[in-house]
Amino acid sequence: MLEVEGLTVAPPAGHDPPILNDVSLALAPGQVVGLVGESGSGKSTLARCLLRLEAPLCIHAGRILLNGRDLVGLSRGEMRRLRGRQIAMVQQDPAAALDPIFTLGSQLREFADTHARDLVDAPSERANGRNGQGLEGRIDALLAGVGIDRPGRRHRQFPHQWSRGMLQRTLLAMAAWPAPPLLILDEPTASLDPPIADRLLLDLQQTVTERRLAVLLITHDLAVAAQVCQSIAVLYRGRIVESGAARTILSNPSHDYTRALVASADW
Amino acid sequence: MTDGPVPPARMPPVPPYGNRRRRPRRPGLVSNPIAAIAWVLAAAALLAAAIGPAVVPHDPLSPIAGLRLAPPSWAHPMGGDHLGRDLLSRTLAGARVSVGMAIAVVLVSAAVGVAIGLIAGACGGWVDDAVMRLTDTFFAFPEMIAALTVAGLLGGGGGHMLLALGVVGWMRYARLVRGITLSVREREHVQLARLNGVGWVGIVRRHLLPASIAAVIVMMTAHLSRSILAISGLGFLGFGVQPPNPEWGTILLEGRSYILTAWHYAILPGLPIVLSALAFNLVGDSLRDRYARTAP
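One line per chain: the protein sequences are A and B, in this order. For what it's worth, my numbering labels the leading residue of the first sequence as 2, then goes sequentially. For what it's worth, my numbering labels the leading residue of the second sequence as 1053, then goes sequentially.
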């Protein structure tokens, strides 16, 4: 599905060591891979590279294969058509991810219009029985699917009137709506309270099961990684220092950094 | 932490999201008496520009016997001019030019400036540098002198005045919009739009332009009052609308010669200039307090 091979990323003039140094990674459909590492280790840079939004950095070496197609060679226009449809992303702060001057309804509609041909209603949304009523009905079903009551009224509200948990769950549902083969989550729970974060992760597990997405979950929280990831890659100073099944890595870390990470984790 | 993933903590079920508090009301548009007066005066100026020439009590172009330099009276509240024409009628008719032309100047300047600012801010890099140095160059000329030069080269008249004031009016919009664009385009919601495959045109249309609108409207009202002054100034210096057509600055120019013998001729036609400029300035302030203070 997604294979990253020997990805090396640095400023155009080069940098020693590179920001990302010979990074390799593989994801299969239906699999959640955790990318764990401290601040500045290159986690978010890797996510931006996968979307080819690495500027002002440059990809100096390596390949990014999405279903066998190398993203490194694609033109801007080709890449733009992939974003949102083939690779979607959810960012850390849901409140900043939406335009503060438009209602949520208009932003949901705009998203749905942009991706109208690719939208796939999840079984859980179809179960709400509101499908087949055009885009509005499908948006309402999407909102109902993430536990938002009276969606019709909610349409007229602005992002600041929603809680972060509501926004992030909605953003996750939106990102997964066009059923992108690859979904990247950049610290999705970092700004949420623990119970809300927990609920978002349950949403995520349900989405992955329903849609067979491959998910790259970026986090610095090992508890989050332990909860939802089948395998984990540990990024340290731009290098993948350890990767493998989540259970193995968490119970039997081999690299010094991972050991320190596991020891310091707050379960 | 020795054996495998930790099971999710048992949490009580989270109740469905309920209603949240309504937004607190923002201060009203007409929150103090001065703002209220300003809105009324501004509305009057706009109304005069819209229907002024249609409701004049007398013909603004033809003299009335015995009205030459006559002081204000009940029949002619602003008196007569040096040819015996009714000054109230000339002032009302002049609003079409003075205020209407100012609106045209503001709209043209805003359209050009906003477009240039969006291009500079959205493109960045050398385009931004080139466009903003051009803007700086235009800023380097004193506004009134540059307008006088353009109007002087082209000669008087409405279209030339519009061009002259448009040439010197767009730069503030360009700077304002570029600044807003530069900050908004780095915000996460714009980044997210890019992540979703929205192109630059869509981002400009959906995010950058709407984010600039509040500030641009406030700047337009302030610009409107400066344009009224500038148009009257050009008229007063003889570069505006040519006699016998009435225009506030031109009327003042004619009245200037009689300031010692007919005070009303040089004073009363100046009042609408002062009052409308003041009113649009205060309206701009009240709009800013209401909308642009928290604008992105």
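Glycine included, every Cβ here is placed at the ideal spot set by N, Cα and C.
Residue i and residue j closer than 8 Å at C-beta
i, j, result
"A/Leu168", "A/Leu99", "yes"
"A/Tyr237", "A/Gly38", "yes"
"B/Pro1115", "B/His1316", "no"
"B/Asp1111", "B/Ser1150", "no"
"B/Val1164", "B/Trp1222", "yes"
"A/Val24", "A/Leu47", "yes"
"A/Leu184", "A/Ala176", "yes"
"B/Val1183", "B/Ala1198", "no"
"B/Met1213", "B/Gly1290", "no"
"A/Ala247", "A/Ala227", "yes"
"A/Ala96", "A/Leu143", "no"
"A/Val5", "A/Gly43", "no"
"B/Arg1246", "A/Leu201", "no"
"B/Ala1100", "B/Leu1144", "yes"
"B/Leu1320", "B/Leu1139", "yes"
"B/Thr1273", "B/Leu1330", "no"
"A/Leu21", "A/Gly239", "yes"
"B/Ala1090", "B/Val1335", "yes"
"B/Glu1240", "B/Gly1146", "no"
"B/Val1236", "B/Ala1216", "no"
"B/Ser1161", "B/Gly1118", "no"
"A/Ala224", "A/Ala266", "yes"
"B/Val1256", "B/Leu1170", "yes"
Integer-rounded CB distance, given that residue j should sit under 8 Å from residue i
i, j, result
"A/Gln93", "A/Glu211", "Their Cβ separation, rounded to whole angstroms, is 24 Å, which puts A/Gln93 and A/Glu211 out of contact at 8 Å."
"B/Gly1177", "B/Arg1230", "13 Å between Cβ atoms; not a contact."
"B/Ala1154", "B/Ser1279", "4 Å"
"B/Leu1260", "B/Thr1233", "5 Å"
"A/Leu218", "A/Leu186", "5 Å"
"B/Phe1332", "B/Leu1276", "5 Å"
"A/His156", "A/Thr104", "6 Å"
"B/Leu1113", "B/Pro1296", "6 Å"
"A/Pro152", "A/Ile88", "Contact doesn't hold; Cβ gap of about 27 Å is too wide."
"A/Gly35", "A/Thr220", "6 Å"
"A/Leu72", "A/Ile65", "4 Å"
"B/Ala1314", "B/Leu1121", "4 Å"
"A/Cys50", "A/Leu8", "7 Å"
Neighbour-count burial assignment, residue i, 16 or more Cβ in a 10 Å radius
i, result
"A/Leu136", "exposed"
"B/Leu1355", "A question about residue 1355 of chain B goes unanswered here, because the residues of chain B that appear run from 1053 up to 1348."
"A/Pro179", "buried"
"A/Asp119", "exposed"
"B/Arg1075", "Reliability fails at B/Arg1075, whose pLDDT of 49 lies under 50, so the model's placement of it is uncertain and the value that follows must be treated cautiously. That one is exposed."
"B/Ser1284", "buried"
"B/Ile1351", "In the structure as shown, chain B begins at 1053 and stops at 1348. Residue 1351 of chain B is therefore absent and cannot be evaluated."
"A/Asp17", "exposed"
"B/Trp1126", "exposed"
"B/Asn1248", "buried"
"B/Trp1252", "exposed"
"B/Glu1306", "buried"
"A/Glu243", "buried"
"A/Arg131", "In this predicted model, A/Arg131 has a pLDDT of only 48, less than 50, meaning its place in the structure is not dependable enough to derive any value."
"A/Ile149", "buried"
"B/Arg1073", "Only weak support exists for where B/Arg1073 lies, its pLDDT of 49 falling under 50; the coordinates are left without a value."
"B/Asp1133", "buried"
"B/Gly1104", "buried"
"B/Ser1264", "buried"
"B/Asp1181", "exposed"
"A/Ser255", "exposed"
"B/Pro1194", "exposed"
Distance cut-off 7 Å: residue i Cβ against heavy atoms of the ligand SAH
i, result
"A/Glu188", "For the structure depicted, the ligand SAH is absent and the ligand set is empty, with no information on it obtainable."
* Jot down the residue ranges of each uninterrupted alpha helix (DSSP H) in the segment 1282 to 1341 of chain B, minimum 4 residues, whole runs only, in chain order. => 1300 to 1308, 1315 to 1319 and 1322 to 1339
* Quick one: which unbroken beta strand (DSSP E) runs of 3-plus residues sit fully inside the segment 87 to 156 of chain A? Chain order, please. => 88 to 91
* the segment 1243 to 1263 of chain B: which residues have C-beta closer than 9 Å to a C-beta of chain A, in chain order? -> Gln1243, Leu1244, Ala1245, Arg1246, Leu1247, Asn1248, Gly1249, Val1250, Gly1251, Gly1254, Arg1258, His1259, Pro1262 and Ala1263
* Could you run through the segment 98 to 113 of chain A and flag, in chain order, every residue whose CB is less than 8 Å away from some CB of chain B? => Ala98, Leu99, Asp100, Pro101, Ile102, Phe103, Glu111 and Phe112
* To do: Could you please tell me which residues of the segment 1217 to 1242 of chain B, in chain order, have their CB closer than 7 Å to any CB of chain A?
  => Arg1239, Glu1240 and His1241
* For the segment 49 to 65 of chain A, enumerate the residues whose C-beta is nearer than 7 Å to any C-beta of chain B, in chain order. => Leu52 and Leu54
* Asked: Along the segment 208 to 227 of chain A, what residues have a CB closer than 8 Å to any CB found in chain B?
  -> Ala224 and Ala227
* **Segments assigned alpha helix (DSSP H), at least 4 residues, entirely inside the segment 1198 to 1260 of chain B** => 1210 to 1221, 1223 to 1236, 1240 to 1247 and 1252 to 1255
* **Under 7 Å (Cβ pairs) to chain B, residues found in the segment 85 to 96 of chain A** => Gly85, Arg86, Met90, Gln92 and Asp94
* **alpha helix (DSSP H) segments (min. 4 residues) lying fully within the segment 1174 to 1199 of chain B** => 1177 to 1192
* To do: List in chain order: all unbroken beta strand (DSSP E) runs of 3+ residues lying wholly within the segment 25 to 71 of chain A.
  => 33 to 37 and 59 to 67
* Asked: Where are the alpha helix (DSSP H) runs, 4 residues long or more, that stay fully inside the segment 196 to 261 of chain A, in chain order?
  -> 223 to 229 and 247 to 252
* Asked: Between the segment 7 to 27 of chain A and chain B, which residues of the former have a C-beta closer than 8 Å to a C-beta of the latter?
  -> none
* Pull out every residue of the segment 68 to 86 of chain A whose Cβ sits closer than 8 Å to any Cβ of chain B, in chain order. => Arg81, Arg82, Leu83, Arg84, Gly85 and Arg86
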